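Engineer: This is the structure I have questions about; it appears just below.
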Amino acid sequence: MIQRLTLAALMLAIIALLRTAPAEAEPYLAVMTGYKCNVCHVNPTGGGLRNEFGVTYAKVLLPAETIDNALDSWTGKITDRLQVGGDLRTDWTRTTAPNSPSQQAFALEQFRVYANLTLIPDRLAIYVDEQIAPNGSQNEEAYVRYGSTTDGFYIKGGQFYLPFGWRLQDQTAFVRQVTGISMVTPDKGVELGWERSSWSAQFDVTNGAANASTGSGYQITTQVAYTQPIWRVGIAGSSEQSNIGDRRVGGLFAGLKTGPIAWLAEGDIVRDESLPGGRTLAAALLEGDWRVLKGHNLKLTAEYQDPDRRVSNDQQTRYSFVYEYTPLPGLQLRAGYRRYFGIPQNNGQNQQLILMELHGYF
Amino acid sequence: MLIAACGGNGEGLDANGRPLVPGDGGSPPPLSADFDAIQANIFTPICSVCHVGGSAPMGLRLDAANSFNLLVGVPSTEVPSLLRVKPGDPDNSYIIQKLEGHQAVGQQMPFGCPTTQPCLTTSTIAFIRQWITNGAPPSATAATAATVHAAAPLAITSIVPDDVEPVSASPPQIMIAFNHDLDVTQIDSRSMHIERLDPGAPPMAGEIVPARVTVSSANLRALMVWPSRPLSAGHYRLVINAGSPSQFSDIAGHSLSVGVPNELGESVISTFDIEVLP
Numbered sequence: 001m002i003q004r005l006t007l008a009a010l011m012l013a014i015i016a017l018l019r020t021a022p023a024e025a026e027p028y029l030a031v032m033t034g035y036k037c038n039v040c041h042v043n044p045t046g047g048g049l050r051n052e053f054g055v056t057y058a059k060v061l062l063p064a065e066t067i068d069n070a071l072d073s074w075t076g077k078i079t080d081r082l083q084v085g086g087d088l089r090t091d092w093t094r095t096t097a098p099n100s101p102s103q104q105a106f107a108l109e110q111f112r113v114y115a116n117l118t119l120i121p122d123r124l125a126i127y128v129d130e131q132i133a134p135n136g137s138q139n140e141e142a143y144v145r146y147g148s149t150t151d152g153f154y155i156k157g158g159q160f161y162l163p164f165g166w167r168l169q170d171q172t173a174f175v176r177q178v179t180g181i182s183m184v185t186p187d188k189g190v191e192l193g194w195e196r197s198s199w200s201a202q203f204d205v206t207n208g209a210a211n212a213s214t215g216s217g218y219q220i221t222t223q224v225a226y227t228q229p230i231w232r233v234g235i236a237g238s239s240e241q242s243n244i245g246d247r248r249v250g251g252l253f254a255g256l257k258t259g260p261i262a263w264l265a266e267g268d269i270v271r272d273e274s275l276p277g278g279r280t281l282a283a284a285l286l287e288g289d290w291r292v293l294k295g296h297n298l299k300l301t302a303e304y305q306d307p308d309r310r311v312s313n314d315q316q317t318r319y320s321f322v323y324e325y326t327p328l329p330g331l332q333l334r335a336g337y338r339r340y341f342g343i344p345q346n347n348g349q350n351q352q353l354i355l356m357e358l359h360g361y362f
Numbered sequence: 001m002l003i004a005a006c007g008g009n010g011e012g013l014d015a016n017g018r019p020l021v022p023g024d025g026g027s028p029p030p031l032s033a034d035f036d037a038i039q040a041n042i043f044t045p046i047c048s049v050c051h052v053g054g055s056a057p058m059g060l061r062l063d064a065a066n067s068f069n070l071l072v073g074v075p076s077t078e079v080p081s082l083l084r085v086k087p088g089d090p091d092n093s094y095i096i097q098k099l100e101g102h103q104a105v106g107q108q109m110p111f112g113c114p115t116t117q118p119c120l121t122t123s124t125i126a127f128i129r130q131w132i133t134n135g136a137p138p139s140a141t142a143a144t145a146a147t148v149h150a151a152a153p154l155a156i157t158s159i160v161p162d163d164v165e166p167v168s169a170s171p172p173q174i175m176i177a178f179n180h181d182l183d184v185t186q187i188d189s190r191s192m193h194i195e196r197l198d199p200g201a202p203p204m205a206g207e208i209v210p211a212r213v214t215v216s217s218a219n220l221r222a223l224m225v226w227p228s229r230p231l232s233a234g235h236y237r238l239v240i241n242a243g244s245p246s247q248f249s250d251i252a253g254h255s256l257s258v259g260v261p262n263e264l265g266e267s268v269i270s271t272f273d274i275e276v277l278p
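Residue numbers (this note's numbering), protein chains in the order written: chain Z, 1 to 362; chain H, 1 to 278.
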């Protein structure tokens, strides 16, 4: 057992040394480790399929207990060229809103599978992210990628998520809703990316959601991030032109590690001419993740949004308390409480949520 | 900003967080099988949190100014054979299947329900069902909004199938939504055509597919192009014929602006691919 753990640690060290840049899985893990996204994920902008290092990290360093033989079996690789992975999240929730009966239910939140087919090693690959359940199958990402995702330029074309700010696990976070850019809003187009040492940069030209049917314009999105072992900072911008009104989004995001706590912050501002009269919206997030013990993480989040800067008294806030326990490789349990505060006349803006989630991944 | 413990106090705002207009009473009407009430109690406070503006998923904007036009008589993007709202037929309306979480139409809405927000209750959905059963009539507010925006130029707001989008089977019809009610007296099957482009063929040398052009009686802003036969796999474009843009006008007489036509005087407004699934 000890021999195998030593071997596992040695392999991780070797893989890490082979990487030119240090990086993540969930954003807080990236900040905690000082890694860039491409260290743990096949996709250089993060999320989805984990690479060999990411799989190994998730099996050895993330869980409270490391299972013997864990490194002997699964790495996600079916062949030298084909790697697969997946996430299944199922949960029980209870939602309470003022003047409304509480709702509670078990639900299959998502089962997603990922595949990466390498056609030319380190140069050409095809990537797919498919949500299998619930309900019908739905493609999230499908693109061809050419170039290096670790050192140099790459280009990808197809359908993919846009790079903008923290790629959070919670897609209902205010910063993701207000910007409209999240891991449920893939877009079609091309992305030019650049990875070098501590730098990551992307430049995307896509249809834009407003042009999904009309072809009346494009969305241009760009992001630059600089990563150091205990801190990072990034800037992102997006501009969408369409015949229903232009939309411009700007954001700053940063991460800082202080001892066992990883801090994430993001602030975004949106100018949306597609809304009646045009509106300026703002959103912000502050998250602290405390790695209490190996396999235990306490996540506290405070969020803010202003749906119209010209209108007073309409701000909303949201506070979350989530405990994440990863007992074994491939299994995570999450329990949490979330409280919304908004204008008193809107029940939905003042709801409370209790959540228990089972997360299996490979 | 983040240390503010609570949200806004809501003073001077309606239930959707918009400034009160003097004389409107401030609170939404009670939920009923009326489009105004459904908009105020469901679409605006719940759906348009995401389905709004340029970032609206599937191009479906459910704010008060757009929702009726993009719902009634309009094929869904995920399942084009289903109308988002089929007047008189709630069971075969995409929105009902989506809200009830039917297997064939993808993820249940509202997004994230029941994990991050409540699903709509059966009794709430029943009001939408009843509105559809009643023929999905527009509301007084929608009519007013149409009047307010009547001065804007006539424009296309959406096309299904998407521009440059592959579809897995021949769509029964191609849908074009406009921002104003169309003057249907000038529109006929000579106004536009579908063209199949053979691989390697020069542009503007495709095979014209006979098609019928109609306007939805349930929604004068929704124009349908019906191919006379199922479209086989291939690359297609949708073309407004030379001289026809002037035929596309709204009931106020505004003509459609579709950009610079090609040398044949035609305006290509959409291209799409039909693929054959194994």
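From the three backbone atoms N, C-alpha and C, an ideal C-beta is built for every residue, glycine too.
No experiment lies behind these values; they were computed from the predicted model shown.
Tell me whether the beta-carbon of alanine 233 of chain H lies closer than 8 Å to the beta-carbon of glutamate 207 of chain H.
Structural biologist: Taking the second sequence and counting its residues from 1, the one referred to as residue 233 of chain H is at position 233. Taking the second sequence and counting its residues from 1, the one referred to as residue 207 of chain H is at position 207. Their beta carbons are not under 8 Å apart, which means alanine 233 of chain H does not touch glutamate 207 of chain H by this criterion.
Engineer: Determine, for alanine 105 of chain Z, whether the minimum Cβ-Cβ distance to residues of chain H falls below 8 Å.
Structural biologist: Position 105 of the first sequence holds residue 105 of chain Z. For alanine 105 of chain Z, the answer is yes, since a Cβ of chain H falls inside 8 Å of its Cβ.
Engineer: Can you name, in chain order, every residue of its own chain whose Cβ lies under 6 Å from the Cβ of alanine 335 of chain Z, other than the five neighbours on each side?
Structural biologist: Numbered from 1 along the first sequence, position 335 holds the residue referred to as residue 335 of chain Z. Closer than 6 Å at Cβ, skipping near neighbours: Tyr323 and Met356.
Engineer: Taking the alpha helix (DSSP H) that glutamine 97 of chain H belongs to, which residues open and close that run?
Structural biologist: By one-based count along the second sequence, residue 97 of chain H stands at place 97. Segment 94–100, the alpha helix (DSSP H) holding glutamine 97 of chain H.
Engineer: For a contact defined as C-beta to C-beta under 7 Å, what are the partners of proline 45 of chain H on chain Z?
Structural biologist: Taking the second sequence and counting its residues from 1, the one referred to as residue 45 of chain H is at position 45. Those within 7 Å of proline 45 of chain H in chain Z are Asn346 and Gly348.
Engineer: Could you have a look at arginine 94 of chain Z and say whether DSSP puts it in helix, strand or coil?
Structural biologist: In the first sequence, counting from the first residue as 1, residue 94 of chain Z sits at position 94. Arginine 94 of chain Z falls in the strand class under three-state DSSP.
Engineer: Counting Cβ pairs closer than 8 Å, one from the segment 183–191 of chain Z and one from the segment 285–302 of chain Z, do we hit at least three?
Structural biologist: No, they do not touch.
Engineer: Along chain Z, which residues have their Cβ under 8 Å away from the Cβ of asparagine 16 of chain H?
Structural biologist: For this step, residue 16 of chain H is matched to residue 16 along the second sequence. Neighbours of asparagine 16 of chain H on chain Z, chain order: Asn346.
Engineer: Would you report the Cα separation of aspartate 314 of chain Z and isoleucine 46 of chain H, rounded to the nearest angstrom?
Structural biologist: Mapped onto the first sequence, residue 314 of chain Z falls at position 314. Mapped onto the second sequence, residue 46 of chain H falls at position 46. In a straight line, the C-alpha of aspartate 314 of chain Z is about 16 Å away from that of isoleucine 46 of chain H.
Engineer: Could you say which of Z:Leu275, Z:Asp129 and Z:Asn347 lies nearest to proline 186 of chain Z if we only look at CA atoms?
Structural biologist: Residue mapping note: residue 186 of chain Z aligns to position 186 of the first sequence, counting from 1. Checked all of Z:Leu275, Z:Asp129 and Z:Asn347; the closest Cα to proline 186 of chain Z is Z:Asp129.
Engineer: Using 8 Å as the limit for Cβ to Cβ distance, is phenylalanine 178 of chain H near chain Z?
Structural biologist: Within the second sequence, the letter at position 178 stands for residue 178 of chain H. Chain Z contact via Cβ: absent.
Engineer: Any Cβ of chain H within less than 8 Å of the Cβ of isoleucine 341 of chain Z?
Structural biologist: The residue you call residue 341 of chain Z lines up with position 341 of the first sequence. At residue 341 of chain Z the sequence reads phenylalanine, which differs from the isoleucine that was named. So, interface residue.
Engineer: Using beta-carbon positions only, say whether aspartate 188 of chain H and aspartate 250 of chain H come within less than 8 Å of one another.
Structural biologist: Counting from one through the second sequence, the residue named residue 188 of chain H turns up at place 188. Counting from one through the second sequence, the residue named residue 250 of chain H turns up at place 250. No; because the gap between Cβ atoms is not below 8 Å, this pair is not in contact.
Engineer: On the DSSP bridge assignment, give the partners of alanine 115 of chain Z in chain order.
Structural biologist: Taking the first sequence and counting its residues from 1, the one referred to as residue 115 of chain Z is at position 115. According to DSSP, alanine 115 of chain Z bridges with Z:Val84 and Z:Val128.
Engineer: Beta carbons nearer than 7 Å to chain Z: which residues of the segment 66–80 of chain H have them?
Structural biologist: The residues in question: there are none.
Engineer: State the start and end residues of the unbroken alpha helix (DSSP H) segment that holds asparagine 69 of chain H.
Structural biologist: For the purposes of this step, residue 69 of chain H is taken as residue 69 along the second sequence, with counting starting at 1. Segment 67–71, the alpha helix (DSSP H) holding asparagine 69 of chain H.
Engineer: Please state whether the Cβ-Cβ distance between arginine 309 of chain Z and alanine 282 of chain Z is less than 8 Å.
Structural biologist: As a position in the first sequence, residue 309 of chain Z is number 309, starting the count at 1. As a position in the first sequence, residue 282 of chain Z is number 282, starting the count at 1. In this structure, alanine 282 of chain Z lies closer than 8 Å to arginine 309 of chain Z by Cβ.
Engineer: Does any residue of chain H bring its CB to less than 8 Å from the CB of proline 186 of chain Z?
Structural biologist: Along the first sequence, read from residue 1 onward, the residue named residue 186 of chain Z stands at position 186. Chain H contact via Cβ: absent.
Engineer: Just how far apart, CA to CA, sit asparagine 179 of chain H and serine 242 of chain Z?
Structural biologist: Here the question's residue 179 of chain H lines up with position 179 in the second sequence. Here the question's residue 242 of chain Z lines up with position 242 in the first sequence. Approximately 14 Å between the Cα atoms of the pair.
Engineer: Taking the C-alpha atoms as reference points, what is the distance between glutamate 292 of chain H and methionine 109 of chain H?
Structural biologist: Chain H is shown from 1 up to 278; residue 292 of chain H falls before or after that span and cannot be answered.
Engineer: Locate the beta strand (DSSP E) running through methionine 175 of chain H, then write down its first and last residues.
Structural biologist: By 1-based counting over the second sequence, the position of residue 175 of chain H is 175. Its beta strand (DSSP E) spans residues 174–178.
Engineer: For a cutoff of 8 Å on Cβ pairs, would you count glycine 7 of chain H as touching chain Z?
Structural biologist: Translated into positions along the second sequence, residue 7 of chain H becomes position 7. So, interface residue.
Engineer: Below 9 Å on C-beta distance, what does asparagine 139 of chain Z contact in chain H?
Structural biologist: Translated into positions along the first sequence, residue 139 of chain Z becomes position 139. Going along chain H, no residue has its Cβ under 9 Å from asparagine 139 of chain Z, so there is no contact; the nearest lies around 11 Å.
Engineer: Where does valine 42 of chain Z sit, in a helix, a strand or coil, going by DSSP?
Structural biologist: Within the first sequence, residue 42 of chain Z is the residue found at index 42, counting from 1. The answer is coil: DSSP assigns valine 42 of chain Z none of H, G, I, E or B.
Engineer: Against leucine 13 of chain H, what residues of chain Z qualify as contacts under a CB-to-CB distance less than 8 Å, listed in chain order?
Structural biologist: What you label residue 13 of chain H is simply residue 13 of the second sequence in a count that begins at 1. Near leucine 13 of chain H (Cβ distances below 8 Å), the residues of chain Z are Val311, Asn313, Asp314, Ile343 and Gln345.
Engineer: Any contact of the segment 127–137 of chain H with the segment 130–146 of chain Z, i.e. 3+ C-beta pairs under 8 Å?
Structural biologist: Touching, no.
Engineer: If we require 4 or more residues per run, which alpha helix (DSSP H) segments fall completely within the segment 153–201 of chain Z?
Structural biologist: Segments of the alpha helix (DSSP H) lying fully in the segment 153–201 of chain Z: 174–179.
Engineer: Taking DSSP's pairing of strands, which residues face arginine 232 of chain Z in a bridge?
Structural biologist: The count along the first sequence starts at 1 and reaches residue 232 of chain Z at position 232. Per DSSP, Z:Thr227 and Z:Gly255.
Engineer: Note down, in chain order, every chain Z residue with its Cβ under 7 Å from the Cβ of proline 19 of chain H.
Structural biologist: Residue mapping note: residue 19 of chain H aligns to position 19 of the second sequence, counting from 1. Within 7 Å Cβ-Cβ: Val311.
Engineer: Going along the chain, which residues of the segment 106–121 of chain H sit with their C-beta nearer than 9 Å to a C-beta in chain Z?
Structural biologist: Cβ contacts with chain Z: Gly106, Gln107, Gln108, Phe111, Gly112, Cys113, Pro114, Thr115, Thr116, Gln117, Pro118, Cys119 and Thr121.
Engineer: Can we say the segment 225–233 of chain Z touches the segment 252–259 of chain Z, given the rule of at least three CB pairs closer than 8 Å?
Structural biologist: Contact holds: three or more Cβ-Cβ distances are below 8 Å.
Engineer: Kindly indicate the opening and closing residues of the beta strand (DSSP E) around tyrosine 337 of chain Z.
Structural biologist: Walking along the first sequence from the start, residue 337 of chain Z turns up at place 337. It spans 331–341 - the beta strand (DSSP E) in which tyrosine 337 of chain Z sits, taken as one unbroken run.
Engineer: Would arginine 229 of chain H be called buried (16 or more neighbouring beta carbons within 10 Å of its own) or exposed?
Structural biologist: Walking along the second sequence from the start, residue 229 of chain H turns up at place 229. With fewer than 16 other Cβ atoms within 10 Å, it is exposed.
Engineer: Could you check whether the Cβ of asparagine 243 of chain Z sits closer than 8 Å to any Cβ belonging to chain H?
Structural biologist: Mapped onto the first sequence, residue 243 of chain Z falls at position 243. True, the Cβ-Cβ gap to chain H drops below 8 Å.
Engineer: Using a Cβ-Cβ distance under 8 Å, would proline 138 of chain H count as near chain Z?
Structural biologist: As a first step, residue 138 of chain H must be located in the second sequence, where it is residue number 138. It does not; no Cβ of chain Z falls within 8 Å.
Engineer: Can you pull the chain H residues whose beta carbon is under 8 Å from the beta carbon of isoleucine 335 of chain Z, in chain order?
Structural biologist: Along the first sequence, one-based indexing puts residue 335 of chain Z at 335. Note on residue identity: the sequence assigns alanine, not isoleucine, to residue 335 of chain Z. Going along chain H, no residue has its Cβ under 8 Å from alanine 335 of chain Z, so there is no contact; the nearest lies around 13 Å.
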